[in-house]
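What follows is a set of notes on a single structure, which appears directly below.
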Amino acid sequence: PYSASILNVSAMSFGSLSKNAVLALNKGASLGGFYQNTGEGGLTPYHLENGGDIVWQIGTGYFGCRNKDGSFNELAFTEKSCHPAVKMIEIKLSQGAKPGHGGILPGHKNSPEIAEIRGVTAGEDVISPPTHSAFSTPVEMLNFIEKLRGLSEGKPIGIKLALGRKSEFLAVCKAMRQTGITPDFITVDGGEGGTGAAPLEYSNSIGFPLREALAFIDDALVGFDLRDKIKIIASGKIITAFQIVKNLSLGADLCNSARGMMLALGCVQSLSCNTNTCPTGVATQDPKLYKGLDVENKSNRVAMFHHKTVKAMVDILSSTGHSSTDKLNRTHIFRRVDQQTVMRYDEVFPLVERGSFINQDDAPKCYQLHLKEACASTFKPANTLAEVNKETQSV
Ligand SMILES: Cc1cc2nc3c(=O)[nH]c(=O)nc-3n(C[C@H](O)[C@H](O)[C@H](O)COP(=O)(O)O)c2cc1C
19 PYSASILNVS
29 AMSFGSLSKN
39 AVLALNKGAS
49 LGGFYQNTGE
59 GGLTPYHLEN
69 GGDIVWQIGT
79 GYFGCRNKDG
89 SFNELAFTEK
99 SCHPAVKMIE
109 IKLSQGAKPG
119 HGGILPGHKN
129 SPEIAEIRGV
139 TAGEDVISPP
149 THSAFSTPVE
159 MLNFIEKLRG
169 LSEGKPIGIK
179 LALGRKSEFL
189 AVCKAMRQTG
199 ITPDFITVDG
209 GEGGTGAAPL
219 EYSNSIGFPL
229 REALAFIDDA
239 LVGFDLRDKI
249 KIIASGKIIT
259 AFQIVKNLSL
269 GADLCNSARG
279 MMLALGCVQS
289 LSCNTNTCPT
299 GVATQDPKLY
309 KGLDVENKSN
319 RVAMFHHKTV
329 KAMVDILSST
339 GHSSTDKLNR
349 THIFRRVDQQ
359 TVMRYDEVFP
369 LVERGSFINQ
379 DDAPKCYQLH
389 LKEACASTFK
399 PANTLAEVNK
409 ETQSV
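Going by the working numbering, the sequence shown opens with residue 19, and the numbers climb by one from there.
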């Protein structure tokens, strides 16, 4: 088990971030008692130098634990996951800035050092495919989680996703009930998420917005009576104390911030993450630029941003009359839905009854279509399968 802060550093890879940015975030995490997520670029010496807690993220490229052909390597995973700084492991399914797209580290950012860490060839574009090769169905994914849990000597294993079709997540819930295997945490990334490089149409338009996705994931886990076993982490434009409170009230147990932490590092939003010319040295591999990022100074800023934000969150919490974030729920937040109407979150996102999704017919009507589409043995919706079947039969 691992006890995490309410606010942490969201996944950002060494490769998209500079060495000094990674060092400063890690030192900030160590000073402030929160974790740093490595991002899918792998665990690097810079994540381990300053003693901050680490969540090691594994994406579809399996960087740092891959074979030459890009498939998952058990031995390399076991070795790294057992490092004492690695507190949890996160399997990345997708992220809000580019769900279903995969990723690319451009050749000009793929230095010999990065190539060595990732297990790839320097100077070449590095591809993270859109899907995993270690599993292709919800049941297989849960078996993979169980395998990683064993290989890492029981460390918490979670998944990160941006919600797309609701039946995909309900299929995972059905698979959890079927196998009895559950992830320890689920990181829900809103469609509004950012990244170093993503196609504009994806970052602007694809993926469920955080609030709606979070409420749905929380409801689905309650509906399948799985919520007690799984922590929910929220990310997506969470920068202020109130945004933390809002997400905790809606269903999250804790939050991650990527761009908030980048701003604490000195990011001026020059929109040049993908060009290697970041003027503040945050998102570049050019030593002339990143040497200007003072690790000592910026780590203090990162720790201070965390400290002041969490303190302000505690202030707001105390105004609700509570002393623990567990007590926050949907009755604490109001949303203006039109010019005349303000509604409480539990009116906007009605709570579901515990266990009510287990027998499909007991579920609220608005979930029935999605539940019918969901099948533990495939991420594909059942009605698409039916259509494919029909087409194949008519051929
Ligand atoms: C520079 C940068 C690099 C990122 N790299 C990753 C990554 O490797 N893996 C991942 O899951 N998300 C990655 N993200 C997404 C963030 O972890 C986060 O989900 C998203 O930005 C939403 O949080 P925010 O609004 O606080 O930035 C990256 C984001 C940024 C800004």
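C-beta atoms are modelled at their ideal positions from N, C-alpha and C, and glycine is treated no differently.
By how many angstroms is the C-alpha of V240 removed from the C-alpha of D380?
Rounded to whole angstroms, D380 to V240 spans 13 Å at the Cα level.
Given that a residue counts as buried once 16 or more other Cβ atoms are within 10 Å of its Cβ, and exposed if not, what is E186?
Burial is judged here by how many other beta carbons sit within 10 angstroms of a residue's own beta carbon; E186 has at least 16 and is buried.
Whether or not the segment 269-283 and the segment 234-250 are in contact is what I'm after, with contact meaning three or more pairs of Cβ atoms, one per stretch, closer than 8 Å; do they touch?
Under the three-pair Cβ rule at 8 Å, the segment 234-250 counts as touching the segment 269-283.
Taking just the CA atoms, how far does F375 sit from K184?
Approximately 14 Å, taken between the alpha carbons.
Is the segment 46-63 close to the segment 312-326, with three or more CB pairs under 8 Å?
A contact exists between the segment 46-63 and the segment 312-326.
Are the Cβ atoms of E58 and K110 separated by less than 8 Å?
Against a cut-off of 8 Å, the Cβ pair of K110 and E58 comes out as a contact.
Using a Cβ distance threshold of 8 Å, determine whether the segment 214-232 contacts the segment 114-121, with at least three qualifying pairs required.
Contact between the segment 214-232 and the segment 114-121 is established, with three or more Cβ pairs separated by less than 8 Å.
Taking 7 Å as the cut-off, is the C-beta of G211 nearer than that to any heavy atom in ligand 1?
Yes, ligand 1 has a heavy atom inside 7 Å of this Cβ.
For L369, the nearest candidate out of S290, G284, V313, R245 (CA to CA):
Closest by alpha carbon: R245.
Just to confirm, does K178 get its C-beta within under 7 Å of one of the non-hydrogen atoms of ligand 1?
Within the cutoff, so yes.
Below 8 Å on the Cβ atoms is my contact criterion, and I expect G284 with V300 to pass it. Report the Cβ-Cβ distance as a whole number of Å.
G284 to V300, Cβ: 6 Å. Contact.
In chain order, what residues of the same chain have a beta carbon less than 6 Å from the beta carbon of T338, not counting five sequence neighbours either side?
Correct list, in chain order: H350.
Is V27 near N274, with beta carbons less than 8 Å apart?
The Cβ atoms of V27 and N274 sit closer than 8 Å to each other.
Let me check you understand the geometry: is the CB of D379 closer than 7 Å to at least one non-hydrogen atom of ligand 1?
Outside the cutoff, so no.
Measure the CB-CB distance between F226 and G198 and report whether it falls below 8 Å.
At the C-beta level, F226 and G198 stay beyond 8 Å of one another.
Neighbourhood of A394 by C-beta distance below 7 Å, restricted to the same chain and skipping five residues each side:
Counting only residues of its own chain and dropping the five nearest sequence neighbours on each side, A394 has a CB closer than 7 Å to the CB of P156, V157, A189, K192, A193, Q196.
For the putative contact between S99 and W74, defined by C-beta atoms under 8 Å, what is the C-beta separation to the nearest angstrom?
Rounded, the Cβ-Cβ distance is 7 Å, consistent with contact.
Excluding the five sequence neighbours on either side, which residues of its own chain have a C-beta within less than 8 Å of the C-beta of I235, listed in chain order?
Cβ within range, chain order: L181, F187, I204, V206, I250, G269.
Counting along the chain, where does the alpha helix (DSSP H) carrying G278 start and finish?
Element bounds for G278: 277-283.
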